[in-house]
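Protein sequence lines correspond, in order, to chains A and B. Going by our numbering, the letters in the first sequence line up with residues 327 to 544, in that order. Going by our numbering, the letters in the second sequence line up with residues 327 to 544, in that order. Just so it is clear, CB atoms sit at the ideal spot from N, CA and C, and this is done for glycine as well. The structure appears below as structure tokens.
Number of protein chains: 2
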Amino acid sequence: MTSIAATFVRNGKKIVAIGRNYADHVKELNNAVPKEPFFFLKPTSSYLPSGGNIEIPRGIVAHHEVELGLVIGRGGRDISQADSLSHIAGYALAVDMTARNLQDEVKKKGLPWSAVKGFDTFTPISTFVPKSEVTDPQNLDLWLKINGVVKQDGNTSKMIFAIPRLIEHVSSIMTLEEGDLILTGTPSGIGAINPGDRIECALADPTTKRELAKLEFG
Amino acid sequence: MTSIAATFVRNGKKIVAIGRNYADHVKELNNAVPKEPFFFLKPTSSYLPSGGNIEIPRGIVAHHEVELGLVIGRGGRDISQADSLSHIAGYALAVDMTARNLQDEVKKKGLPWSAVKGFDTFTPISTFVPKSEVTDPQNLDLWLKINGVVKQDGNTSKMIFAIPRLIEHVSSIMTLEEGDLILTGTPSGIGAINPGDRIECALADPTTKRELAKLEFG
Ligand SMILES: [Mg+2]
Ligand SMILES: [Mg+2]
Ligand SMILES: [Mg+2]
Numbered sequence: 327m328t329s330i331a332a333t334f335v336r337n338g339k340k341i342v343a344i345g346r347n348y349a350d351h352v353k354e355l356n357n358a359v360p361k362e363p364f365f366f367l368k369p370t371s372s373y374l375p376s377g378g379n380i381e382i383p384r385g386i387v388a389h390h391e392v393e394l395g396l397v398i399g400r401g402g403r404d405i406s407q408a409d410s411l412s413h414i415a416g417y418a419l420a421v422d423m424t425a426r427n428l429q430d431e432v433k434k435k436g437l438p439w440s441a442v443k444g445f446d447t448f449t450p451i452s453t454f455v456p457k458s459e460v461t462d463p464q465n466l467d468l469w470l471k472i473n474g475v476v477k478q479d480g481n482t483s484k485m486i487f488a489i490p491r492l493i494e495h496v497s498s499i500m501t502l503e504e505g506d507l508i509l510t511g512t513p514s515g516i517g518a519i520n521p522g523d524r525i526e527c528a529l530a531d532p533t534t535k536r537e538l539a540k541l542e543f544g
Numbered sequence: 327m328t329s330i331a332a333t334f335v336r337n338g339k340k341i342v343a344i345g346r347n348y349a350d351h352v353k354e355l356n357n358a359v360p361k362e363p364f365f366f367l368k369p370t371s372s373y374l375p376s377g378g379n380i381e382i383p384r385g386i387v388a389h390h391e392v393e394l395g396l397v398i399g400r401g402g403r404d405i406s407q408a409d410s411l412s413h414i415a416g417y418a419l420a421v422d423m424t425a426r427n428l429q430d431e432v433k434k435k436g437l438p439w440s441a442v443k444g445f446d447t448f449t450p451i452s453t454f455v456p457k458s459e460v461t462d463p464q465n466l467d468l469w470l471k472i473n474g475v476v477k478q479d480g481n482t483s484k485m486i487f488a489i490p491r492l493i494e495h496v497s498s499i500m501t502l503e504e505g506d507l508i509l510t511g512t513p514s515g516i517g518a519i520n521p522g523d524r525i526e527c528a529l530a531d532p533t534t535k536r537e538l539a540k541l542e543f544g
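Quick look at the structure:
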């Protein structure tokens, strides 16, 4: 039997993406370090399975943000930090593509981020990684290369708000359901992807030295 | 057989909500009339079926915005205005609840609207109205009363961007799927709901003089 969590790309309902959760990334965008987590929603229609092609709309500067995704197994609301990890079914590697030039505009105008983050193909996503394969989600390496050159290279230990705090915060506002994905923010090194670029990303467990997920797109 | 569209509250994946689509509402919030439609996402976890109780988090000023909802039947992307109505399976009456004081803050800071619009119970929703019951979606009356006093009383003919333009715009950015809901904006008269208030809303067809949907919550 395949669970909704294991098939979250097809059957999940929401993507909740945390902003500004790595200090080095906050600095590179000249943003303030947040006092509490904040998030935005991406539509599940933006998923792009590994091996696909990203579509960059005309006039859009499309930035990559490689991120660890948490796949919710057991739903809930007002989840405590102590309980939080038991609500996770597994993980995925994702890229939170962002129309950076449009985002600069909407931020100035106080408008929502939904279009900027929500174009079709703007959430490249790996296959599902069951939690049993992960030693410690707060110690995973993730990197992104463009045409063979490393652009982002981080570790989830560098999050400003740790995973339990993220789940507590999101579930204090909206009920989490099986198959929901939480994106946990991106380390530094973000930048533009151009048509024809070849993108490779990986998620690895430094404890077991195993590669947990690979994500490629063009 | 019950379709995903008819059961959109349980089975739909996204809610796309249009902002500032009635001139009288744009004026009451001192906003600029938009040159093209804009939207934000609400999570489907925020649906509150008629008869339920709204939860207003401590410290939140929760404003009502009564709106016509379009329930997508046939999905698609880059839908033309000419084809747009054929993608609608039916309608619903909704209230786009908004944490207005938080929204004022995030707008100033250029932050996303997702939390402000996305609390559990922040999308009270009527039952599904099949399109066959509606003479013309661009000529429907909708009103909202608090404790018996009319607060909002509008007609969908007053939209700045008509329904075909909304579907064209949203589907140019993100694929629409069966069961998705598009909220089409609110007429003037928005204001705060207080704990204990009794809210009644209705959607009516002035051509047939029939009430199409009723929505009540406390
Ligand atoms: Mg991101
Ligand atoms: Mg959704
Ligand atoms: Mg609204």
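Worksheet item: With distances taken from each beta carbon to the nearest heavy atom of ligand 1, which residues come in below 7 Å, in chain order?
Response: 343/A, 345/A, 391/A, 393/A, 422/A, 424/A, 509/A, 511/A, 512/A
Discussion item. Considering Cα atoms alone, identify which of 544/B, 423/B, 533/B is closest to residue 443/B.
Written reply: By 1-based counting over the second sequence, the position of residue 443/B is 117. Of the listed residues, the one whose Cα sits closest to residue 443/B is 423/B.
Item to complete: Starting from the N-terminal side, write out each stretch of the beta strand (DSSP E) that is 3 residues or longer and does not extend beyond the segment 414-464 of chain B.
Response: 414-421, 449-451
Worksheet entry | Bridge-paired residues (DSSP) for residue 388/A | The residue labelled residue 388/A in the question sits at position 62 within the first sequence. BP columns for residue 388/A point to 425/A.
Worksheet item: What are the partner residues of residue 530/A, as DSSP defines its beta bridges?
Response: To locate residue 530/A, count along the first sequence from 1; it is residue 204. DSSP, once it has assigned bridges, lists 467/A, 537/A as partnering residue 530/A.
Practice prompt. Indicate whether at least one CB of chain A lies closer than 7 Å to the CB of residue 438/B.
Written response: On the second sequence, residue 438/B is found 112 positions in, with the first residue counted as 1. Yes, contact with chain A.
Practice prompt. Assuming residue 512/A contacts residue 351/A (C-beta within less than 8 Å), just tell me the rounded distance between them.
Written response: As a working note, residue 512/A is residue 186 in the first sequence. As a working note, residue 351/A is residue 25 in the first sequence. Correct: roughly 5 Å between the Cβ atoms.
Worksheet item: What are the residues of the segment 333-354 of chain B that lie near chain A, defined by any Cβ-Cβ distance shorter than 7 Å?
Response: 339, 340
Practice prompt. Compare the C-beta of residue 367/B with all C-beta atoms of chain A and state if any pair is closer than 7 Å.
Written response: As a working mapping, residue 367/B is identified with position 41 in the second sequence. Chain A contact via Cβ: present.
Discussion item. Give me, in chain order, the residues of the same chain whose beta-carbon lies closer than 6 Å to that of residue 415/A; leave out the 5 immediate sequence neighbours on both sides.
Written reply: Indexing the first sequence from 1 puts residue 415/A at position 89. Answer for residue 415/A: 331, 397, 399, listed in chain order.
Discussion item. For chain A, check one thing: does any of its Cβ atoms lie closer than 7 Å to the Cβ of residue 505/B?
Written reply: Looking up residue 505/B in the second sequence gives position 179. It does not; no Cβ of chain A falls within 7 Å.
Fill in: Any 3 or more C-beta pairs closer than 8 Å across the segment 371-391 of chain A and the segment 404-413 of chain A
no
Discussion item. For a quick check, are the C-beta atoms of residue 377/A and residue 505/A less than 7 Å apart?
Written reply: Within the first sequence, the letter at position 51 stands for residue 377/A. Within the first sequence, the letter at position 179 stands for residue 505/A. Taking 7 Å as the Cβ cut-off, residue 377/A and residue 505/A do not qualify as a contacting pair.
Worksheet item: What is the DSSP secondary structure of residue 490/A, counted as helix, strand or coil?
Response: For the purposes of this step, residue 490/A is taken as residue 164 along the first sequence, with counting starting at 1. If DSSP states are grouped into helix, strand and coil, residue 490/A belongs with the helices.
Discussion item. Quick check on this structure: which residue in 356/B, 371/B, 425/B has the alpha carbon closest to the alpha carbon of residue 383/B?
Written reply: By 1-based counting over the second sequence, the position of residue 383/B is 57. Here the closest residue by C-alpha is 425/B.
Worksheet item: Who pairs with residue 519/A in a beta bridge, going by DSSP?
Response: In the first sequence, the residue the question calls residue 519/A occupies position 193. For residue 519/A, which the question treats as bridged, DSSP gives no partner whatsoever.
Practice prompt. Let me know the secondary structure DSSP gives residue 352/B once reduced to three states.
Written response: One-based indexing of the second sequence puts residue 352/B at position 26. The answer is helix: DSSP assigns residue 352/B an H, G or I state.
Worksheet item: The beta strand (DSSP E) with residue 365/A in it runs from where to where?
Response: For the purposes of this step, residue 365/A is taken as residue 39 along the first sequence, with counting starting at 1. It spans 365-368 - the beta strand (DSSP E) in which residue 365/A sits, taken as one unbroken run.
Practice prompt. Using three-state DSSP, classify residue 499/A as helix, strand or coil.
Written response: Locating residue 499/A in the first sequence gives position 173, counting from the first residue. It is helical.
Discussion item. Less than 8 Å between C-beta atoms, sequence neighbours within five positions excluded: which residues of the same chain meet that for residue 542/A?
Written reply: Counting from one through the first sequence, the residue named residue 542/A turns up at place 216. Cβ neighbours of residue 542/A beyond the five flanking positions: 376, 377, 524, 525, 526, 527.
Item to complete: Pick out whichever of 408/A, 420/A, 329/A, 359/A has its Cα sitting closest to the Cα of residue 368/A.
Response: Residue mapping note: residue 368/A aligns to position 42 of the first sequence, counting from 1. The option with the nearest alpha carbon to residue 368/A is 420/A.
Practice prompt. Kindly say whether residue 446/A, judged by its beta-carbon, lies nearer than 7 Å to any beta-carbon of chain B.
Written response: For the purposes of this step, residue 446/A is identified with residue 120 of the first sequence, where counting begins at 1. At least one chain B Cβ lies under 7 Å of residue 446/A.
Worksheet item: Is residue 424/A close to chain B, meaning its C-beta is less than 7 Å from at least one C-beta of that chain?
Response: Within the first sequence, numbered from 1, the residue matching residue 424/A stands at position 98. No, its Cβ sits nowhere closer than 7 Å to a Cβ of chain B.
Discussion item. Checking 7 Å against the spacing of the C-beta atoms, do residue 441/A and residue 499/B come in under that value?
Written reply: Position 115 of the first sequence, counted from the start, is the residue given in the question as residue 441/A. Position 173 of the second sequence, counted from the start, is the residue given in the question as residue 499/B. Cβ distance < 7 Å, so residue 441/A and residue 499/B count as in contact.
Item to complete: Quick one: using the 10 Å Cβ neighbour count with 16 as the cut-off for buried, is residue 459/B buried or exposed?
Response: In the second sequence, counting from the first residue as 1, residue 459/B sits at position 133. When all chains shown are included, residue 459/B counts as exposed.
Worksheet item: Relative to the C-alpha of residue 335/B, which residue among 355/B, 344/B, 534/B, 395/B is closest?
Response: Your numbering for residue 335/B matches position 9 in the second sequence. Nearest of 355/B, 344/B, 534/B, 395/B to residue 335/B, Cα basis: 395/B.
Worksheet item: Quick one: does residue 433/B have its CB under 7 Å from some CB of chain A?
Response: Numbered from its first residue, the second sequence carries residue 433/B at position 107. Chain A, which has a Cβ nearer than 7 Å to the Cβ of residue 433/B, makes this yes.
Worksheet item: If residue 452/A and residue 465/A are in contact, beta carbons under 8 Å, what's the gap, nearest whole angstrom?
Response: Indexing the first sequence from 1 puts residue 452/A at position 126. Indexing the first sequence from 1 puts residue 465/A at position 139. Rounded, the Cβ-Cβ distance is 18 Å, inconsistent with contact.
Worksheet item: So is residue 331/A in contact with chain B if we call contact Cβ pairs under 7 Å?
Response: Position 5 of the first sequence, counting from 1, holds the residue named residue 331/A. Taking Cβ atoms only, chain B never reaches closer than 7 Å to residue 331/A, which makes this a no.
Worksheet entry | 8 Å contact criterion, which residue 365/B and residue 385/B should meet: CB distance rounded | Translated into the one-based positions of the second sequence, residue 365/B becomes position 39. Translated into the one-based positions of the second sequence, residue 385/B becomes position 59. About 27 Å separates the two Cβ atoms, so there is no contact after all.
Discussion item. Could you compute how far the alpha carbon of residue 409/A sits from the alpha carbon of residue 493/A?
Written reply: Looking up residue 409/A in the first sequence gives position 83. Looking up residue 493/A in the first sequence gives position 167. About 9 Å.
Discussion item. How far does the beta strand (DSSP E) with residue 343/B in it extend, from its first residue to its last?
Written reply: Position 17 of the second sequence holds residue 343/B. From DSSP, the beta strand (DSSP E) with residue 343/B extends over 341-344.
Worksheet item: Any beta-carbon of chain A closer than 7 Å to the one on residue 371/B?
Response: Your numbering for residue 371/B matches position 45 in the second sequence. At least one chain A Cβ lies under 7 Å of residue 371/B.
Discussion item. Let me make sure I understand the geometry here. Which of 489/A, 349/A, 446/A, 437/A has the alpha-carbon closest to that of residue 381/A?
Written reply: Residue mapping note: residue 381/A aligns to position 55 of the first sequence, counting from 1. Residue 381/A has its Cα closest to that of 446/A, out of 489/A, 349/A, 446/A, 437/A.
Discussion item. So, at 7 Å on beta carbons, what are the nonlocal neighbours of residue 379/A in its own chain, with the 5 sequence-adjacent residues on each side left out?
Written reply: As a first step, residue 379/A is located in the first sequence; it is residue number 53 there, counting from the start. Taken in chain order, the residues that qualify are 543, 544.
Discussion item. DSSP has residue 504/A in a bridge; who is on the other side?
Written reply: Translated into positions along the first sequence, residue 504/A becomes position 178. Partner(s): none; residue 504/A has no beta bridge.
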